[in-house]
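See structure below.
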Amino acid sequence: MNIFSNFESGNIDVVKADQPGDIQLRIKKDNQSDFYQWFHFRLETQAQVEHGFELQDLAKSAYPEGWKDYDVVASYDREEWFRIPAEFDGDTLRFKVIPEQRSMYFAYFAPYSYDRHLDLLHQAQMNFNCELETLGSTLDNNDISLLTVGEPGEGKKKIWIIARQHPGETMAEWFMEGLLQRLLDETDTVGRALLERAVFYIVPNMNPDGSIRGHLRTNAAGINLNREWLTPSMEKSPEVFLVRERMLETGVDMFLDIHGDEAIPYNFVAGCEGIPSYDERHATLEHNFKQALLTITPEFQDDYGYDKDAPGEANLSMGTAWVGEQFKCLAYTVEMPFKDHNLQPDAFYGWSPERSLAFGQDMLAAVRVVVDQLR
Ligand SMILES: [Zn+2]
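So in my numbering, spot 281 of the sequence shown is number 279, and the numbers just go up one at a time.
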């Protein structure tokens, strides 16, 4: 029996693995940081024998609440990722599996590989009105890639959508894949209508270093990018620095920042009610956008989510709050679950790449509802 994690986005420490019934594992911390929650490893073993796993020391993980009612994600073919029921006692996550094949992958959520990321960028650029551009390099020398979709023009709205500031939230890039598919589909009139009115600036992966390293939350230097928006630097957070510079050049009329939430088993959004300039106009835009989403898809709801910020109490170092305040525009953080969307539960897959993709497509339909209201 062997456990491997020496591959892209691999993350596990083996404490003990000499008996199939007693496999003890821990998660490595993000480099130069105390965050840990993302895991990804491969088991090679004898099939048809019961294996018992313990994922230990989770009380000190980034989101202990995230393990409650969480079921492990696994795959034999790296294509279909299904759930394995697990039990959490406050510090250890236990699960059992009888492998059907000799080799089996386990992960916190279905991985989105760097190769697939490159495929996404390059398949997108094949569309006549989509351009791929490298804004600069990360600390590990990976590309910070921007897709510009649509022709700039008089009165065109500028809509920025970014994902994976937190690299372990892979559902965010699955979401981007669905959104891009719809936006670039020449037979889809939602995409057509939007591109008549807006130019889209899309960063499908804000944190390639963390993604490749198998981090939950930080870049190569242990920096949480979603706390860098007030004072980013090329030394610590070039990802935010370069994207923010370009935003200041283009202007922003709408912003979406795509994430996954470890603890809350629902899709939801978090807005700008706490920024200093929040006013009636901003509140109306937010209301209209959420109503559109509620109408379009049962995968969205607005009852469960984060507590609302008190007036003026927003943390402006976060992307959504900084953009909302800087550009006085509609800006939302979009959160999808690691567990499941409890209003539409699926015991076998939970929240999944396919549903993230569909949610990305539906999000675009909601953008269309408000696009003429943006300024
Ligand atoms: Zn996040």
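Using N, Cα and C, we set each Cβ at its ideal position, and we do this for glycine too. Computed from a predicted model, the values in this text were never measured in an experiment.
By the Cβ-count criterion, T187 is exposed, with fewer than 16 other Cβ atoms from all chains shown falling within 10 Å of its own Cβ. Secondary structure at I82: strand, using DSSP grouped into helix, strand and coil. DSSP places N224 in the helix class (H, G or I) of the three-state scheme.
Proximity annotation: ligand 1 has residues H164, E167 and H257 in chain order, each selected because its CB is closer than 6 Å to a heavy atom of the ligand.
By the Cβ rule, the stretch 179 to 199 does not count as touching the stretch 208 to 215, because fewer than three pairs are nearer than 8 Å. Under the three-pair Cβ rule at 8 Å, the stretch 309 to 327 counts as touching the stretch 242 to 255. If you draw a straight line from the Cα of Y304 to the Cα of W36, it is about 22 Å long. Every alpha helix (DSSP H) stretch that sits fully inside the stretch 169 to 202 and reaches 4 residues is listed by chain position as 169 to 182 and 187 to 195. Contact between the stretch 162 to 180 and the stretch 346 to 362 is present, with at least three C-beta pairs closer than 8 Å. As the crow flies, the alpha-carbon of S7 is around 16 Å from that of N139. A distance of 8 Å or more separates the beta carbons of V367 and V267. Excluding residues up to 5 positions away in sequence, L119, H120, A122, Q123, S143, L144 and L145 lie with their Cβ nearer than 8 Å to the Cβ of L130 in the same chain. The criterion of a C-beta distance shorter than 8 Å is not satisfied by P206 and Y264.
Contact holds between the stretch 94 to 112 and the stretch 42 to 57, because three or more Cβ pairs, one in each stretch, are under 8 Å apart. If you check the CB distance, L223 and M204 come in under 8 Å. Taking all protein chains in view, the Cβ of E149 is surrounded by fewer than 16 other Cβ atoms within 10 Å, so the residue is classified as exposed. Residue pairing for G258: DSSP places it in a beta bridge opposite M334. Note that the C-beta distance between F39 and I1 is below 8 Å.
In the three-state reduction of the DSSP assignment, Y74 falls in the coil class.
The criterion of a C-beta distance shorter than 8 Å is not satisfied by D89 and K337. In the three-state scheme derived from DSSP, where H, G and I count as helix and E and B as strand, K288 is classed as helix. Between T295 and F357, the C-beta spacing is below 8 Å. Boundaries of the alpha helix (DSSP H) around G208: P206 to R211.
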